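J.: In the numbering used here, the protein residues as written are 6 to 311. Heads up, the beta-carbon is just placed ideally off N, CA and C, and yes, glycines get one too. Predicted model, so just to flag it, every value in this text is computed and none were measured.
Dropping the structure here:
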C-alpha cells in the first residue's frame with residue numbers, strides 16, 4: 006500500500022509588516038489577520054499535525070496551498086524554512102493557494118523560494134506559473150499538481166485554472182490513465198459549482214467537463230478549511246473530491262480542530278482501493294487521533310466525522 010498524507014491551508018503566523026508593504030489588498034488582509042484570523046490559526050496546532058504526520062511515516066506528503074496569508078516577502082522566506090522541517094522536496098509536493106498569490110509578486114522573491122517543492126520529476130526548481138500542471142510519479146501513484154491561484158481584487162478569494170492549464174491537464178491525465186497509474190489531482194480551490202461566488206473556482210464547470218472525459222482516481226483540495234467529500238462523475242463512475250480542514254485550525258475555531266488526511270492507495274483487480282483516514286488534533290493538543298474513515302472503490306463509504 007502507498008500512503009499519502011494530505012494537509013492544506015497551514016496559514017503560517019503573520020510577521021509584522023512595514024506600512025510601505027501594505028498597499029492595496031494587502032492592507033485589508035493584514036488588518037483581517039490581526040483582528041480575526043490570528044485566533045483561528047494556531048502554530049501549536051500545526052506543530053501537532055506535523056508531528057503526527059512524521060510519526061505515521063507516509064510515503065509522500067501533499068500540501069494544497071495557502072502556506073502564507075498576504076504574500077509578504079518575509080512570509081515566503083519563513084514558509085521556505087518551515088517546508089524544510091516538513092520534509093525534503095522529493096518527499097513533499099506543494100501547489101499554491103490563493104493566499105500564496107494574494108497579490109502579484111516576482112516569482113523569484115515569492116513562490117520561487119519553494120520551487121523545488123513545486124517542480125515535477127526531473128525538472129529544475131519551478132521558475133514561473135507555466136510549470137503547471139506538474140507531474141510527480143511515486144510508485145503506482147501519479148501526482149498531478151494544478152495552480153488555481155491568481156491575484157484577485159479585494160474581497161475576492163476566487164481561483165482560476167485557465168483554458169491552457171485545463172487542456173494540458175486533460176492530455177496528461179489521459180496519458181497517465183493509459184499507463185494504469187492511480188491519478189491524484191491536487192488543486193487548491195474546490196472544483197465544484199456549489200461554492201460561494203466570492204470563493205469559487207471560476208472555471209469549475211470546465212474542469213468538471215474535462216474530468217468527465219478523461220477521469221482520475223481522486224481529487225484533493227483545500228481552501229474552505231473543511232474535511233468534506235463530493236463527487237464528479239468520470240468515465241468509469243463517481244470520482245471522489247476530498248477537501249481537508251486547515252492544518253492550523255484552533256480547536257475552538259469555526260472550522261473545528263485541525264486535521265489532515267492519511268490516504269492509503271492499493272491496486273485491486275478492478276481498479277484502486279483508496280482508504281481515507283481522517284486524523285484530528287486531540288482536544289488537549291497532545292498529538293492526533295482517528296476521526297473517521299472512508300473507503301472508496303473497495304466498500305461502502307462511511308461518513309466524515311463532524
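Cutting at 7 angstroms between CB atoms, please list the residues of its own chain near residue 49, excluding the five before and the five after it.
T.: 290
J.: Is any non-hydrogen atom of the ligand GDP found closer than 7 angstroms to the C-beta of residue 85, if you look at the structure I gave you?
T.: The ligand GDP is not among the ligands present in this structure, which contains no ligands whatsoever.
J.: Helix or strand or just coil, what does DSSP make of residue 289?
T.: coil
J.: Quick check on the DSSP output: the beta strand (DSSP E) that includes residue 190 runs from which residue to which?
T.: For residue 190, the enclosing beta strand (DSSP E) starts and ends at 187–191.
J.: Go ahead and pull the three-state DSSP assignment for residue 266.
T.: strand
J.: Using C-beta distances below 7 angstroms, list every residue in its chain close to residue 304, excluding the 5 sequence neighbours before and after it, in chain order.
T.: Low confidence applies here, because residue 304 scores a pLDDT of 43, under 50, leaving its location unreliable; read the following figure in that light. So the list is empty, once near-sequence residues are dropped.
J.: Please determine, among 288, 149, 64 and 74, the residue with the shortest C-alpha to C-alpha distance to residue 6.
T.: 64
J.: What residue range is occupied by the uninterrupted alpha helix (DSSP H) comprising residue 218?
T.: 209–219
J.: Determine the extent of the alpha helix (DSSP H) in which residue 237 is found, giving its start and end residues.
T.: Residue 237 -> not in any alpha helix (DSSP H); beta strand (DSSP E) instead, spanning 233–239.
J.: Under 8 angstroms between the Cβ atoms of residue 17 and residue 67?
T.: No, the pair does not count as a contact, with Cβ atoms beyond the cut-off.
J.: Rounded to the nearest angstrom, how far is the Cβ of residue 74 from that of residue 38, given a contact under 8 angstroms?
T.: 6 angstroms
J.: Alpha carbons only, please: which of 138, 170 and 81 is nearest the one belonging to residue 110?
T.: For the options 138, 170 and 81, the alpha carbon positioned closest to that of residue 110 is the one of 81.
J.: Taking the alpha-carbon of residue 103 as reference, which of 166, 61, 32 and 93 has the nearest alpha-carbon?
T.: 166
J.: Put residue 9 into one of helix, strand or coil per three-state DSSP.
T.: strand
J.: Give me the DSSP bridge partner(s) of residue 224.
T.: Beta-bridge pairing by DSSP links residue 224 to 190 and 246.
J.: Can you have a look at residue 21 and say buried or exposed, based on whether 16 or more other CB atoms are within 10 angstroms of its CB?
T.: exposed
J.: Let me confirm a value: residue 238 is counted as buried when at least 16 other C-beta atoms fall within 10 Å, else exposed. Which label applies?
T.: exposed
J.: What did DSSP end up calling residue 104 once you bin it into helix, strand or coil?
T.: helix
J.: Can you pull the DSSP bridge partners for residue 98?
T.: Paired residues: 67.
J.: Less than 8 angstroms between the beta carbons of residue 391 and residue 245, yes or no?
T.: Past the boundaries of the shown model lies residue 391; the chain is included only from 6 to 311, so the question cannot be answered.
J.: Might you give, ordered along the chain, the residues of its own chain that have their beta carbon closer than 6 angstroms to the beta carbon of residue 131, omitting 5 neighbours on each side?
T.: Listed in chain order, the non-local C-beta contacts of residue 131 below 6 angstroms within the same chain comprise 120, 123 and 124, local neighbours out to five positions each way being set aside.
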